[in-house]
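**Q** Before I ask anything, let me first share the structure, which is written out below as structure tokens.
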Amino acid sequence: SQTKNFAEHFTNPDRTSAAVRYQIWRTTWEIIKHHPLFGVGPNNFEAAYRATIPALFWPPLEWLVAKAHNLYLNLWVETGILGLLSFLMLVGLQIRGLVRLLSQPVQRPHAIIAFASLLAILTHGLLDTPYFKNDLALIAVFIFILPWLARGEIKTN
488 SQTKNFAEHF TNPDRTSAAV RYQIWRTTWE IIKHHPLFGV GPNNFEAAYR ATIPALFWPP
548 LEWLVAKAHN LYLNLWVETG ILGLLSFLML VGLQIRGLVR LLSQPVQRPH AIIAFASLLA
608 ILTHGLLDTP YFKNDLALIA VFIFILPWLA RGEIKTN
């Protein structure tokens, strides 16, 4: 019954956050091995997960999973290695811009705040997909444009 299944989420000693994430990540890696270059496409992870997990874990600890609970794995599985590398390149450009701001005394406080924020998002990305949540995506976009705003490269009225 649905009540029994719901109760099992709280009473099953094998259903820890670490165990669930292990199954999700292991399944994600299996999907990546079959779609390494271009991935399964944006927002197609859930269908690929449901099709793949029964062969790896039965019964799975989690059936319905919308994202891979890891920013980097999620980018790779949905957009392929090309998408992941593009994201990492943008992060590298962001870090380079922030390093330049650190050398400017007036901009240093902004750069430190942006670095800390970027580090928080990238670290959070090891266990979740923070960029794919609307509110956090908006914050991430702001952090990404901060170096250009601080240098006056984006004109504001």
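Oh and the sequence shown: position 94 is 581 in my numbering, straight run, nothing missing.
Glycine is no exception: its CB is placed at the ideal position from the N, C-alpha and C atoms.
From a predicted model like this one, the values you see are computed outputs, not experimental measurements.
Looking at the structure shown, is L551 part of a helix, part of a strand, or coil, going by DSSP?
**A** Coil, per DSSP.
**Q** Using the rule of at least 16 other Cβ atoms within 10 Å of the residue's Cβ for burial, across every protein chain shown, is H556 buried or exposed?
**A** Under this definition H556 is a buried residue.
**Q** Excluding sequence positions up to five away, which residues of its chain have a Cβ less than 7 Å from the Cβ of V552?
**A** Counting only Cβ-Cβ distances below 7 Å, and skipping sequence neighbours, we find I511, E533, Y536.
**Q** Pair every Cβ in the segment 535 to 549 with every Cβ in the segment 602 to 617, then say whether three or more of these pairs are closer than 8 Å.
**A** Contact fails: fewer than three Cβ-Cβ distances are below 8 Å.
**Q** Taking only beta-carbon positions, decide if T514 is within less than 9 Å of chain D.
**A** Although the question refers to chain D, the structure presented lacks it and comprises just one protein chain.
**Q** With three or more C-beta pairs closer than 8 Å as the rule, is the segment 518 to 526 touching the segment 563 to 575?
**A** The segment 563 to 575, when compared against the segment 518 to 526, does touch it at the 8 Å Cβ threshold.
**Q** Taking the alpha-carbon positions, what's the Q581 to D501 distance?
**A** So the alpha carbons of these two residues sit roughly 40 Å apart.
**Q** Taking the straight line between their C-alpha atoms, what separation do you get for I632 and P617?
**A** So the alpha carbons of these two residues sit roughly 18 Å apart.
**Q** Give a yes or no on whether the C-beta atoms belonging to L613 and Y559 are separated by under 9 Å.
**A** In this structure, Y559 lies closer than 9 Å to L613 by Cβ.
**Q** According to DSSP, is N561 part of a helix, a strand, or is it coil?
**A** Note: N561 maps to helix in three-state DSSP.
**Q** Closest to A459 by C-alpha separation, out of L562, K620, N531, R513, would be which residue?
**A** It is not possible to answer for residue 459, since the shown part of the chain is limited to 488 through 644.
**Q** I'd like the span of the alpha helix (DSSP H) that includes Q510, first residue to last.
**A** Note, Q510: alpha helix (DSSP H), 504 to 521.
**Q** I'd like the span of the alpha helix (DSSP H) that includes T539, first residue to last.
**A** Residues 532 to 543.
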